[in-house]
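Trainee: Numbering (the numbering used here), first residue to last: 1 to 183.
From the three backbone atoms N, C-alpha and C, an ideal C-beta is built for every residue, glycine too.
1. Using a 10 Å radius around the Cβ and a threshold of 16 neighbouring Cβ atoms, would you call residue 164 buried or exposed?
2. Along the chain, where does the alpha helix (DSSP H) containing residue 29 start, and where does it finish?
3. From 140, 127, 175, pick the residue whose C-alpha is nearest to that of residue 181; which is it?
4. What residue from 33, 39, 64 has the CA that sits closest to residue 56's CA?
5. Taking residue 160 as the reference, which of 49, 132, 115, 62 has the closest Cα?
6. Check residue 122 in the structure and name its three-state DSSP category.
7. What are the residues that DSSP puts in a beta bridge with residue 177?
8. Whole angstroms are fine: how far does the CA of residue 31 sit from the CA of residue 8?
9. Pull up the distance between the alpha-carbon of residue 188 and that of residue 166, whole angstroms please.
10. CB-CB under 6 Å to residue 94, same chain, minus the five flanking residues each way: which ones, in chain order?
11. Expressed to the nearest angstrom, what Euclidean distance is found between the alpha-carbon atoms of residue 102 and residue 112?
12. Just the C-alpha distance for residue 92 and residue 77, rounded to the nearest angstrom, thanks.
13. Just the C-alpha distance for residue 58 and residue 44, rounded to the nearest angstrom, thanks.
14. Between residue 125 and residue 140, how many whole angstroms is the CB-CB distance? I'm expecting something under 8 Å.
15. For residue 168, is the classification buried or exposed, using 16 other Cβ atoms within 10 angstroms of its Cβ as the cut-off for buried?
16. Just confirm the distance between the C-beta atoms of residue 105 and residue 179, as a whole number of angstroms; I'd bet it's less than 8 Å.
17. Have a look at residue 34 and residue 157 and give me their C-alpha separation to the nearest angstrom.
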């Protein structure tokens, strides 16, 4: 499947939500927000189990935060229809949160830098392939799962433990993720 990414539209009047640019998910582009998880030649890897398995090693730093413990869950994301309006974001201030797709289908990642409340102007949207996962650094703003095409399962590695570890905010101005052309 070939996917064409749409460019943002020209500036819109204040009463209209701006269209957000969608770019490919790459290690360098995602670095300010966390880590890209993928098994490729750039990753440290080596053969184990008598030559029957290739281990892609240490792909993400899981940070459970103070008094936390690492847990593994499955999240099942329902497919979203594009165009999609981004109206809210969330963050986990105490710990990292990793998402690894199990269904092999593309999905969208929407992020904003850690810190103050995000605005439509500092949102970044990435199109992830079905073989790419992400590990959000502690405090990085992100949108909940944005599965495309079909129901998508994700292996999620995050934190359990005491303390408040999820903040949600509504954006003052929403942003629109445009339709993505598929060939």
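Mentor: Considering the structure as presented:
1. exposed
2. 27-30
3. 127
4. Nearest C-alpha to residue 56: 39.
5. 62
6. Note: residue 122 maps to helix in three-state DSSP.
7. 84
8. With a pLDDT of 41 at residue 8, under the threshold of 50, the predicted position of this residue should be treated as unreliable, though the coordinate-derived value follows. Whole-angstrom Cα-Cα distance: 22 Å.
9. Outside the shown range of the chain, which is 1 to 183, sits residue 188, and nothing can be said about it.
10. 65, 163, 165
11. Using only the alpha carbons, I get a separation of about 25 Å.
12. 19 Å
13. 8 Å
14. Going by Cβ atoms, the distance from residue 125 to residue 140 rounds to 14 Å, so no, they are not a contact pair.
15. exposed
16. Not really, about 17 Å apart at Cβ, beyond 8 Å.
17. 14 Å
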